[in-house]
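Structure, as structure tokens:
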Amino acid sequence: MSIQQTATAPAIAQTQTNQKIMTSTSDTYKTVGRNIIPNPKFSTRNVNVFYGDKQAIFDTSLDIGNNEVVALIGPSGCGKSTFLRSLNRMNDTIPICRVTGEFTLDGEDIYAKTMDPVLLRARVGMVFQKANPFPKSIYDNVAYGPRIHGLASNNAELDEIVITSLEKAGLFKEVKDRLNAPGTGLSGGQQQRLCIARTIAVSPEVILMDEPASALDPIATAIIEELIDELRENFTIVIVTHSMQQAARVSQRTAYFHLGKLIEVGKTSQIFTNPRCELTENYITGKFG
Ligand SMILES: Nc1ncnc2c1ncn2[C@@H]1O[C@H](COP(=O)(O)OP(=O)(O)OP(=O)(O)O)[C@@H](O)[C@H]1O
Ligand SMILES: [Mg+2]
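By the working numbering, the letter at position 181 of the sequence shown is numbered 178, and the numbering carries on one by one without gaps.
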């Protein structure tokens, strides 16, 4: 009898873990998994985002930890970029966009009237899908932020910031002999690393990346992914990606969005091997999206 019990126990456990949670189709829902963590670097609560009358993000709460890479995944149009842009108030630049909810960086309200969005965007930097170097030299692209924020008191200090940033972005060796050449003359993968160097040059606390490698070939993508892993030592990173392999390679936690709702959050390995929600499972197994 006891042998039988032992034999059947794992099967029951298996069935229970494989039973998937169905997400409510109404506006009220509850995110499954660890969307809230102790001592977060960045914290968001009950976030709603609207474009005019159309709601793009519904009641979303998500914490991001120190030195953590969190991947945002989900089908096209589910609100990944919208949510990401709300983290450094880039949505403020879209006139019809309205954001509600709480956003705190180290406990500080980033939507407070006293918060200067320009300074905030230096603390929470952003790297876009398409590399967008300024029509300036490689040096001036990286020096741009430190100059406007007055981070260097002389040329030697500025040189130091530019070189260190290019090194951290894994680009210095390739460009050290042509720092005065235009940034736009670099390859796509190099331009993206230049944009990463430009972002790091102002010593951000958090880096937001919106599909940073989607326009790159596999080699340039691998370089960016390796870089993300190194950057994690000094920065907190939120990355939107359509590549589940990429999310699996670079992130520690993954957040799955569906039609503007944060359906499930968990350790990346768990989300990809044993998601708790049916919607997440359908997406990662390619049933839709
Ligand atoms: N500037 C805008 N004006 C009006 N609606 C917008 C705007 N930007 C996004 N939306 C809408 O908000 C919803 C979420 O869009 P968002 O770009 O955040 O999705 P996404 O998950 O990043 O998609 P993708 O994977 O295709 O980049 C979509 O319905 C989109 O049409
Ligand atoms: Mg997007």
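Here a beta-carbon is modelled for each residue, glycine too, at the ideal position from N, C-alpha and C.
Check: Val139 C-beta below 7 Å from any heavy atom of ligand 2: no
Where Leu228 sits in the DSSP three-state scheme: helix
Simplified DSSP state of Tyr48, which is helix, strand or coil: strand
Any heavy atom of ligand 2 within less than 7 Å of residue CB: hits in chain order: Lys77, Ser78, Asp207, Glu208, Val237
Contact set for Gly49: own chain, Cβ-Cβ below 6 Å, skip 5 residues either direction: Ile93
His239 beta carbon near ligand 1 (any heavy atom closer than 7 Å): yes
As assigned by DSSP and simplified to three states, the class of Pro114: helix
Local Cβ density within 10 Å of Pro272, reported as buried at 16 or more and exposed below that: buried
Element boundaries [beta strand (DSSP E), containing His94]: For the record, residue 94 in the displayed sequence is Cys; it is not His. 94 to 102 is the extent of the beta strand (DSSP E) around Cys94.
CB contact check: Ser200 to chain C, cutoff 8 Å: No chain C is present in this structure, which holds just one protein chain.
Cα-Cα separation between Ala10 and His255, rounded to whole angstroms: Unreliable positioning characterises Ala10 in this predicted model, as indicated by a pLDDT of 35, which lies under 50. The coordinate reading is nonetheless provided below. C-alpha separation (whole angstroms): 28 Å.
Boundaries of the beta strand (DSSP E) in which Phe254 is found, first to last residue: 250 to 255
For Pro201, the three-state DSSP class (helix, strand or coil): coil
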